[in-house]
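Undergrad: I'd like to ask you about the structure that follows.
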Amino acid sequence: MASAVTEKFSELGIDGGFEASAPNLQRNLHLLSVEQVELAKVLVEMGQTHLFEHWDEPGVDDEEKKAFFDQVARLNSSYPGGLVSYIKTARELLADSKAGKNPFDGFTPSVPTGETLTLGDDSFMSFEETGVKEVQKAAFVLVAGGLGERLGYNGIKVALPRETTTGTCFLQHYIETILALQDASCKLSEGECQTKIPLVIMTSDDTHSRTLELLESNYYFGMEPTQVKLLKQEKVACLDDNDARLAVEPRNKYRIQTKPHGHGDVHSLLYSSGLLNEWSDAGLRWVLFFQDTNGLLFNAIPASLGVSYTRQYHVNSLAVPRKAKEAIGGITRLTHADGRSMVINVEYNQLDPLLRATGFPDGDVNCETGYSPFPGNINQLILELGPYIEELTKTGGAIKEFVNPKYKDASKTSFKSSTRLECMMQDYPQTLPPSARVGFTVMEPWLAYAPVKNNPEDSAKVPKGNPYHSATSGEMFVYRANSLILRKAGVQVADPVQHVFNGQEVEVWPRITWKPKWAVTFKEVKNKVSGSNSISQRSTLVIKGRNIFVKDLSLDGALVIDVADDKEVKVEGSVQNKGWILENVDYKDTSVPEELRIRGFRINKIETTGV
Ligand code: UGB
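Using the numbering used here, the letters of the sequence shown map in sequence onto residues 64 to 674.
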C-alpha cells in the first residue's frame, strides 16, 4: 500500500484498512481522495460493505468508482446529519414498521373544529376581501418535484393543460392567478404599490430542467424572472432490507439507487435557501404552499388567507369534505393519554387502522352527511412567516419521516422492491408547541379541489361515488366550478349531462373558462356579470380580457372574447352557432397526443363567434 494512503488511514483511525471487511474496496483505495476514504469508512462502519462486493480490480471502471463516491458525498451532504443519521433513522423506522407499531400510538383521534366556508355568503365575502388585502404580504411555494407515478404521464405535471378548451397549462394558470392577485391587492392599498409576489417552485432531478424550460420558453408566463426561484430537492438512498442496507442501482453497480424523499423537503430547502429571512426583512407575513395539479385551488386562496389573518392561525390547512377511504389525508385531532393534543393530517393509509385501533370498530366510514367526519387535507398550507421561521430555526426544517416497505410475505423480512424514507410537508405542525395556533378551513369540494393524480385504468376502477382524481375529472371539475360560480352570480347555466370518457362517468357542464385577470375573486365575477344571462349545456365560453362585462347574453354555441386589457367591452345579445363538441378518444390510442388521451376526449372546434 502506498505510504500516502497508509497515512490517510492512520489519520482516519482505520489502520487495518478494509482488507477483512471489504477487500474490493481495499484494493481500489489508492484511487480515492482523503474525503472519499473518509466516506468509505462511514459506509463500512454503517454495515454497507455489500456496496463494494462486485467492484472490479483497479484499472477497470476507475472513473465510475470515483463517481460512486461523488454520489455518496451528495447523499451525505444533502441529508441533515448525513448518511449516518439516515441509516440510523431508517433502521429504527424499519424495526417499528416490522413490529407493526402505529406511529400515532397512544393518541386517540377525534373530529377537530375549523372554519367552514360557503361561496358567496357574508362571511365568505368578508374573508375574501381580507385575504386579497393580505396577499401582497404573501409568498407562494409550489411543490413540483413529484414524478406523478400514479398518473403515468411522461411529461411534467405542471405542463399539462388545466383544461383543453384554451390549453392553458397548470403552471401558466398558477402564475397568472398570482399576478392577478398581486394587482387586486395593490388596488386595495393606499398609495403606491410595488409589490411583486415571490413564487418558489420546488423541483427535483425528475422535473427541474423541464420546469425551467417551460418557464423560459414562455417568458415566465408574464412574471418577472426575478420573482421566481427554483429550489431543487435531492433524492435519498433506497434501502434493500430491514438492516437498512443501501440498494445498488440495478443497471450500474457503481451507483446507489435513489428515490424522492417526499414533499416535506420543502421546509429544509426554504430554510437553507435564506429566502425566509429575506421575505421577513421585506415585510412579508405569509407563506402559501400548494401542489402541482389542482386546477381549482386558487378559488379557495383569498378567503382562506382571510381566515388565517382573522383567526391568527400560525398554520391553516385547506380541506374539503372527504369520502371515507378516499385517497386524501384526513385532518384529525389527536389527543394523547398524557394530555398532549394536536390537529394534524393523518394520511389515508393510516386513518382507517388508527380508528379501528382506538375504539371505532368500523374504521374510516361515511357519517350521515355522506362524507367521512374527518375533513380531507388538500395539502394547501398557509403558514405565518414569523412563527414558521422561529420553528425552523429550532428544527432546521427537518420533518418527521416514515417508511412504507412493501413486504414479500407476512414474515416481513424482505421487500418486494427497495424502499426509502419519506417525509410530507403537512407534517410540519407535528413538532410545534401546544401554544401554536393550528387551524383549518373547509371549502366546498366543487369549488376548491380538482387534482389530477390517477391514470385512466386505475380511475375507471374507483368505487362509484368516489372522485376519480383523473385528467378527465380534473378538467370536468373546472367547468363545473366555473358554471356553479356563474350560477351563484345570477347567470342561468344549464344542467350538465352525464358522459363516459375513459370508462369514467362524469358530468359535462358548459365549457366555461376565464383568465384570472378577468376575475380572481367572487366579488369580481359578480361585478362583471349583470342582467339576464343564459348559457346552454352544449356551449363554450372563453373570457380572455380584463375589462369584459357580460350583460343580457344568451349563449348557445361557442363564444371567445379576447380583447386587449386596456379596452372595455360589453358583451350582450344572442349568440348561436354550431359550437365546439367533445369527441371521445381512447387512452390506448397512441396516435392521439398523451395530454388528450389521458382525459379521453378532444375538442372539435366546429364554429366559433369571436369578440
Ligand atoms: N412532490 C414533491 O415535490 N416531491 C416529492 O418528493 C413528492 C411529491 P402527490 P399524494 O392532493 O389531496 C398528497 O404524489 O400522495 C409534490 C398529500 O400527502 O400528488 O397524492 C408533487 O409534485 C395527501 O395528504 O401526493 O398525497 C405534488 O405537487 C393529500 O392531501 C405534491 O408534492 C393529497 O396530496 C403531492 O404529491 C391531495
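The beta-carbon is built from N, C-alpha and C at its ideal position, and this holds for glycine as well.
Would you check if the distance between the CB atom of TYR531 and the CB atom of ASN518 is smaller than 8 Å?
TA: In this structure, ASN518 does not lie closer than 8 Å to TYR531 by Cβ.
Undergrad: Helix, strand or coil: how does DSSP classify LYS580 here?
TA: Correct three-state label for LYS580: coil.
Undergrad: In terms of residues, what are the limits of the beta strand (DSSP E) holding VAL525?
TA: That residue, VAL525, is in no beta strand (DSSP E); it is neither H nor E in DSSP.
Undergrad: Alpha carbons only, please: which of ASN590, LEU618, PHE465 is nearest the one belonging to LEU302?
TA: Checking every option, the nearest Cα to that of LEU302 belongs to PHE465.
Undergrad: For ILE260 versus LEU244, is the C-beta distance shorter than 8 Å?
TA: Yes.
Undergrad: Does the Cβ of ASN440 lie closer than 7 Å to at least one heavy atom of the ligand FMN?
TA: As far as ligands go, the structure on display features the ligand UGB and does not contain the ligand FMN.
Undergrad: Since ILE391 and TYR411 are thought to touch, with beta carbons under 8 Å apart, how far apart are those beta carbons, to the nearest angstrom?
TA: ILE391 to TYR411, Cβ: 6 Å. Contact.
Undergrad: Determine the extent of the alpha helix (DSSP H) in which ILE264 is found, giving its start and end residues.
TA: Premise fails: ILE264 lies in the beta strand (DSSP E), 262-266, not in any alpha helix (DSSP H).
Undergrad: Considering only residues of the same chain and omitting the five flanking positions on each side of SER367, which have a CB-CB separation below 8 Å?
TA: The residues are LEU180, PHE190, GLY194, ASN379, LEU381, GLN443, ILE445, THR504, MET506.
Undergrad: From which residue to which residue does the beta strand (DSSP E) around LEU616 run?
TA: It spans 610-619 - the beta strand (DSSP E) in which LEU616 sits, taken as one unbroken run.
Undergrad: Please confirm whether VAL638 and THR603 have their CB atoms less than 8 Å apart.
TA: Contact flag unset, no.
Undergrad: Since SER595 is in the alpha helix (DSSP H), which residue starts that stretch and which ends it?
TA: Premise fails: SER595 is in no alpha helix (DSSP H) and is neither H nor E.
Undergrad: Excluding the five sequence neighbours on either side, which residues of its own chain have a C-beta within less than 6 Å of the C-beta of ALA158, listed in chain order?
TA: Closer than 6 Å at Cβ, skipping near neighbours: no residue.
Undergrad: Is LYS591 buried or exposed, if buried means 16 or more other CB atoms sit within 10 Å of its CB?
TA: Per the 10 Å Cβ criterion, buried.
Undergrad: For SER280, report the span of its beta strand (DSSP E) as first-last.
TA: That residue, SER280, is in no beta strand (DSSP E); its alpha helix (DSSP H) goes 271-280.
Undergrad: With H, G and I counted as helix, E and B as strand and the rest as coil, what does DSSP make of GLU126?
TA: Note: GLU126 maps to helix in three-state DSSP.
Undergrad: Comparing the CB of SER595 with every heavy atom of the ligand UGB, is any distance shorter than 7 Å?
TA: Not so, every heavy atom of the ligand UGB lies at least 7 Å from the Cβ.
Undergrad: Mind checking GLY327: buried by the 16 CB within 10 Å criterion, or exposed?
TA: Counting Cβ neighbours within 10 Å, GLY327 comes out buried, since at least 16 surround it.
Undergrad: In the structure shown, what three-state DSSP assignment does PRO372 receive?
TA: Looking at the sequence itself, residue 372 is Tyr, so the reference to Pro does not match. Residue state, collapsed to three classes: helix.
Undergrad: With DSSP as the reference, please indicate the residues paired to SER637 in a beta bridge.
TA: Answer is SER617.
Undergrad: So GLN443 is in the alpha helix (DSSP H); what residue range does that whole segment cover?
TA: No alpha helix (DSSP H) contains GLN443, which is instead part of the beta strand (DSSP E) from 435-447.
Undergrad: With a 10 Å radius around its C-beta and 16 neighbouring C-beta atoms as the bar for buried, classify HIS117 as buried or exposed.
TA: Under this definition HIS117 is an exposed residue.
Undergrad: Following a CB-centred definition, is SER522 positioned closer than 7 Å to any heavy atom of the ligand UGB?
TA: No, since every heavy atom of the ligand UGB falls outside the 7 Å radius drawn around the Cβ of SER522.
Undergrad: Around the C-beta of THR176, are 16 or more other C-beta atoms found within 10 angstroms, so that it is buried, or is it exposed?
TA: Per the 10 Å Cβ criterion, exposed.
Undergrad: Would you kindly work out how many angstroms separate the C-alpha atoms of LEU156 and THR482, rounded to a whole number?
TA: Going by the C-alpha atoms only, they are around 12 Å apart.
Undergrad: How do the region 630-637 and the region 598-615 stand: do at least 3 beta-carbon pairs fall below 8 Å, yes or no?
TA: Judged by Cβ distances under 8 Å, the region 630-637 makes contact with the region 598-615, as three or more pairs qualify.
Undergrad: Can you tell me the Cα-Cα spacing of TYR237 and PRO224, whole angstroms?
TA: Spanning the two alpha carbons is a distance of roughly 12 Å.
Undergrad: Closest by CA to PRO579, which one among SER597, TRP572, GLU587?
TA: Ranking SER597, TRP572, GLU587 by Cα distance to PRO579 puts GLU587 first.
Undergrad: By Cβ distance below 6 Å, which residues in the same chain neighbour MET64 in space, the five residues on each side in sequence not counted?
TA: A caution first: MET64 carries a pLDDT of 47, below 50, which makes its placement in the model unreliable, though a value can still be read off. Nothing listed; no residue qualifies.
Undergrad: I need the DSSP call for ALA201, collapsed to helix, strand or coil.
TA: ALA201: strand per DSSP, three-state reduction.
Undergrad: For LEU294, which beta-bridge partners are listed by DSSP?
TA: LEU294 pairs with MET265.
Undergrad: In angstroms, rounded to a whole number, what distance separates the CA positions of LYS161 and LYS475?
TA: So the two alpha carbons sit approximately 6 Å from each other.
Undergrad: Should GLN296 go down as buried or exposed, given a rule of 16 or more other Cβ atoms within 10 Å for buried?
TA: By the neighbour-count rule (16 or more Cβ atoms within 10 Å), GLN296 is buried.
Undergrad: Counting along the chain, where does the beta strand (DSSP E) carrying ILE606 start and finish?
TA: Counting along the chain, the beta strand (DSSP E) containing ILE606 begins and ends at 603-606.
Undergrad: Measure how close the beta-carbons of LEU448 and ARG374 come, nearest whole angstrom, since I'm counting them as under 8 Å.
TA: 16 Å between Cβ atoms; not a contact.
Undergrad: Would you say GLN320 touches the ligand UGB, meaning its beta carbon is less than 7 Å from a heavy atom?
TA: Incorrect: GLN320 has no Cβ contact closer than 7 Å to the ligand UGB.
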